[in-house]
Structures are given as C-alpha cells and as structure tokens.
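Protein chains in written order, with our numbering: chain A, 34 to 183; chain B, 34 to 183.
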C-alpha cells in the first residue's frame, strides 16, 4: 500500500540548510500551493496556533532501526520512533507554530522548525482538546538535546 | 511533486467505522508493519505520550475550500485548514496518545482517535519542548464540537 501525497503549501524563510538549533529566531511564511483555493484558510486567524505537517525534503537517508539522537554517543541509542530525527521512515515532521497573521494565501508563523522550500502536507488548527492528556514525561536526554533548539 | 508514503504500522481496536465522538473509551494497539524492525520502538517506553500520524483511509471525499464543521450550519463555515475534518487534502490525521505499554512490536495506547485498520505514517515521542508555546486560544465553536469527543 502506497499513499500518494501532494504538497498543499510550501515554507519560505531565511534558513536555507538543515541546522538543528535556534529555530526560535526564524519567522516563516507558509504559502498555499498553486491550485489550492485561498478559501481553505478562511477562519484560521481565530486560532492562536497551527499544526504544520511537513516533509523533510532534504533528508538523504532513512534510519529504520535505532541510532543515537544527533549521532551523539552521550545520549542513549534509541529506536527511530523514540526520537524525532528527520532521517526517519516517510520523512514526515510536525510542528506547532504560533500564527502571527494570515495574509491572503499565506500564513506568517513563528516557531516552525522547517527550512526554506519545505513541502507542507497539511495545516490544522490547534485545539486544546487535542493536546496530550495528563502529565507529559520524557527521559533526561531530551532536555539536553532540546536545550538550544528554540 | 508527489510524495510516496508507506505505512509503518496499523491501528487495531474495536471501532470498525468512522464515528465522531467518545474516543476516550477506546484502547488501541499500534502494530508495526511487516518489514519494519521491532528495534525502531526501543526506548519509547521512557515517554508517557506518543504522537501518531495516520491516514484517514475511510475518507471518501476531499474538501479543498470551506465547509461547516461536521456539516452543522450552527457552526461557522470555515476553510478546511481551519478545522480538523478527515475529508481534507492528503487525508492525514494526528493524535497525541497516552502510551500504556510497549509489547514487542506493538504499542498499547489510549486516546487515539483512529479506527481499526488505520494505516500509520509515523510515530514520534512527545517532548514538552515541541508543544505549543504561549496560551492556546481558539474560537467558541470548537468547544461545542469537542464536547463529547473524548
């Protein structure tokens, strides 16, 4: 079974190459692809945040088993589905971006960790009822890995 | 540009047909697809929650413009990217599930709003640093829509 996905938008920003950290300073535009009606964004500005599902188009390999996050042996070797590395089966990323404003066929967003040219698979409004239920807990290595991410 | 996606797992649960509400009572298994190594899940049980990206395989239409959520005229007509309806371009859904336990090549999860047989595109661990930054706000209609969802 193969699922065929057509990008519905593309990311535009100042980050041209995959870099791991300091995403908080990047402001991005998410512009609808040709053929997608602008009406598809109507009402989105009544939400503070949008979920962006995107394709890691610059990933050049696929890890299917386990690996050290960022290839750093100081962190435990874990399965690809226990980390968020881009080199994963299907190369799909997700992010919760702050919606700054809508401008016609574009969304201006902050806190989107996707580089310039990234194909967008979907945009969803963030509803509090869809966020994790109960306390979120995670291992210690993730806080070291995320220390300079934003 | 077409992106080819191969399911990495499938959902198994008691909900055989698409129904909108009362997902909170459903416990699901997410079982790795043939060919995906079990090692890909190693370390996942040190996280409380997993993000499941999946394919709405029973959606039979695609809305590209705007529509009333759940076709209910009491709620405003909004663009497909301002709502989470399954009948959307690319038919991709996302959920934050509570990880109950890992059993070899299976995850047992709660609060996954996907029916039996749903193809899974990706599994990611939930890290607090990836959750929305700042207060999440949304329009009034979403709280009515979500009243019986879980």
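All residues carry an ideal CB built from backbone N, CA and C; glycine is no exception. All of these numbers come straight from a predicted model, not from anything done at the bench.
To which residues of the same chain is residue i closer than 7 Å at the C-beta, ignoring the five residues directly before and after it?
i             : result
residue 152/A : 40, 43, 87, 88, 90
residue 101/A : 108, 110
residue 120/A : 92, 94, 95, 96
residue 57/A  : 144, 183
residue 11/B  : This structure leaves residue 11/B out entirely; chain B is present only between 34 and 183.
residue 50/B  : 148
residue 139/A : 62, 63, 64
What does residue i touch in chain A if you count any residue whose Cβ is under 8 Å from its own?
i             : result
residue 32/B  : The requested residue 32/B is not part of the displayed model; chain B covers only 34 to 183.
residue 87/B  : Per Cβ cutoff of 8 Å: no residues; residue 87/B is ~10 Å from chain A at best.
residue 69/B  : 97, 122
residue 49/B  : Simply none; closest approach about 19 Å.
residue 125/B : 38, 86, 154, 155
Residue i versus chain A: which residues are under 9 Å apart at the beta carbon?
i            : result
residue 59/B : Residues of chain A passing the Cβ test: none, with the nearest at roughly 13 Å.
In chain B, what lies closer than 8 Å to residue i by C-beta?
i             : result
residue 182/A : 162
For residue i, count neighbouring Cβ atoms within 10 angstroms of its own Cβ and tell me buried if that reaches 16, exposed if not.
i             : result
residue 173/A : exposed
residue 37/A  : exposed
residue 144/B : buried
residue 117/A : buried
residue 180/B : exposed
residue 176/A : exposed
residue 160/A : buried
residue 47/A  : exposed
residue 75/B  : buried
residue 106/B : exposed
residue 112/A : buried
residue 21/B  : An answer regarding residue 21/B cannot be provided, because it is not within the stretch 34 to 183 covered by chain B.
residue 127/B : buried
residue 170/B : exposed
residue 168/A : exposed
residue 135/B : buried
Among the residues of its own chain, which have a CB less than 8 Å from the CB of residue i, if the five just before and after it don't count?
i             : result
residue 142/B : 60, 61, 62, 63, 83, 85, 130, 131, 132, 133
residue 189/B : Since the first residue of chain B shown is 34 and the last is 183, residue 189/B is not available in this structure.
residue 81/A  : 131, 132, 159
residue 71/A  : 65, 137, 138
residue 78/B  : 132, 134, 135
Using a cut-off of 9 Å between C-beta atoms, extract the partners of residue i located in chain B.
i             : result
residue 72/A  : 97, 98, 99, 112, 113
residue 131/A : 165, 166, 167
residue 159/A : 165, 169, 171
Chain B partners of residue i, CB-CB under 7 Å?
i            : result
residue 75/A : 99, 111, 112, 115
Taking residue i as the query, report the chain A residues whose CB atoms sit under 7 Å from its CB, ordered along the chain.
i            : result
residue 82/B : 165, 169
Quick check: is any heavy atom of the ligand NAP less than 8 Å from the C-beta of residue i?
i            : result
residue 53/B : The model on display carries no ligand, and the ligand NAP is accordingly not part of it.
Within a Cβ cutoff of 6 Å, which residues of the same chain sit near residue i, ignoring the five residues on either side of it in sequence?
i             : result
residue 69/B  : 41
residue 157/A : 84
Mind checking if residue i is an interface residue toward chain C, Cβ cutoff 9 Å exclusive?
i             : result
residue 155/B : Absent from the structure is chain C; the protein chains it does hold are A and B.
task: For the segment 90 to 143 of chain A, list the beta strand (DSSP E) runs that are entirely contained and at least 3 residues long, ordered along the chain.
output: 125 to 136, 139 to 143
task: With a floor of 3 residues, list each beta strand (DSSP E) that falls wholly inside the segment 40 to 65 of chain A, ordered by position along the chain.
output: 42 to 45, 60 to 65
Near-chain B residues of the segment 141 to 153 of chain A - C-beta to any C-beta below 7 Å: Answer in chain order: 144, 152.
message: To be precise: take each residue of the segment 93 to 120 of chain A, compare its Cβ to all Cβ atoms of chain B, and keep it if any distance is under 9 Å. Which residues remain?
response: 96, 97, 98, 99, 109, 110, 111, 112, 113, 114, 115, 116, 117
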